[in-house]
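Following: one structure in structure tokens, then a few remarks.
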Amino acid sequence: MTTTPPIPRDIPDLPAVPGTPVLLPGYVPATAVVAPVRRPVTAVFRLVTAALAAAGVALELLLGSPDRIMSYFGVQAAVLLTLVSLASARRAWQAGRPLPSFLTGAALLYAVISSLVYHLLLGHTTPPFSMTGSTHLPVAWHGQWLALQLLYTAAPAAALLDWLILTPPARLHLRQTPAWMLYPLAYLTFTFVRAEMLLPGTPGRYLYPFLDAEQHSYRATLANALLLGLSVYALAVLLVALDHTRPNPVGRRP
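Everything in the sequence shown is counted per this note's numbering, starting at 11 for the first residue and increasing by one.
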């Protein structure tokens, strides 16, 4: 039978650690401090936003050729907005953590871009802008007019209201803006590659009049693209700045 040695009555003091101890920062998730809260009103609003964007895309697909319709930036932005809004609605309904701000910020930026481009550059052109190839001015409350209003007015406005009223501030960051520019640059490349694959004179060869290298020179078209790209980046920076200065509409909810 083995016996343990007796515990000494006096334990010697350990030498002091030289210098000032440094506490390492630790990450504490928001859900560990604030209990998750279901947000049914937010979920319903985001479902409505997704429905508006999806309805605009579906109506355009019914009116025009799918390969041409899906080539437009505004339609692709509406598809992204639909998917992001559906995922955000599900998380708000189930008291889940919000989607990454990089993703929601990108969806918001692209929706706002498409809306501004349409209302400032395309809404009053001659011949009228049409994604279906129609040369007639859209008649109010008809299919083409309704699709344009859904894609470029209603859905972007709903996304903007969601950001301003239902989303906590200071979630967007300046470091995200360069990555947001990758998709517009990729789309610009896609536009010119697509045009080169079509014969000159093909209807809809260039999807946007300010990127029409047949009507303008390549130099002027690239200048338009550069100006538009700088404007997009300025808008991205503006959204980040506004996100850090606007009031918090949802309190401390995650």
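Beta carbons: idealized from backbone N, C-alpha and C, even for Gly.
Look up residue i in the DSSP assignment and say whether it is helix, strand or coil.
i: L208; result: coil
i: P222; result: The question names Pro, but residue 222 in the sequence shown is Asp. Correct three-state label for D222: coil.
i: V122; result: helix
i: V149; result: coil
i: G214; result: coil
i: G106; result: coil
i: A180; result: coil
i: S241; result: helix
i: S227; result: coil
i: T134; result: Residue 134 is actually His in this sequence, not Thr. H134 falls in the coil class under three-state DSSP.
i: T142; result: coil
i: T255; result: coil
i: V260; result: coil
i: V203; result: helix
i: P46; result: coil
Does the Cβ-Cβ distance between residue i and residue j come in under 9 angstroms?
i: A205; j: A223; result: yes
i: G115; j: R215; result: no
i: A9; j: L245; result: Coverage of the chain is limited to positions 11 through 264, which leaves residue 9 absent and any answer about it impossible.
i: Q104; j: R48; result: yes
i: L119; j: W190; result: yes
i: Q186; j: S111; result: yes
i: L113; j: V89; result: no
i: G84; j: S140; result: no
i: P158; j: Y128; result: A quick correction: the sequence has Leu, not Pro, at residue 158. Yes, Cβ-Cβ distance for L158 and Y128 is below 9 angstroms.
i: P219; j: L132; result: yes
i: A150; j: A117; result: no
i: L198; j: L221; result: yes
Counting along the chain, where does the alpha helix (DSSP H) carrying residue i start and finish?
i: L72; result: P50 to L73
i: S95; result: F83 to W103
i: I79; result: P76 to I79
i: W190; result: T187 to W190
i: P166; result: A165 to L171
Please check the pair residue i and residue j, which I expect to be a contact at CB under 8 angstroms, by giving their CB distance rounded to whole angstroms.
i: G74; j: T142; result: 3 angstroms
i: A60; j: L96; result: 5 angstroms
i: L62; j: L160; result: 6 angstroms
i: L174; j: V260; result: Not quite, the Cβ-Cβ distance comes to about 11 angstroms (not below 8 angstroms), so this is no contact.
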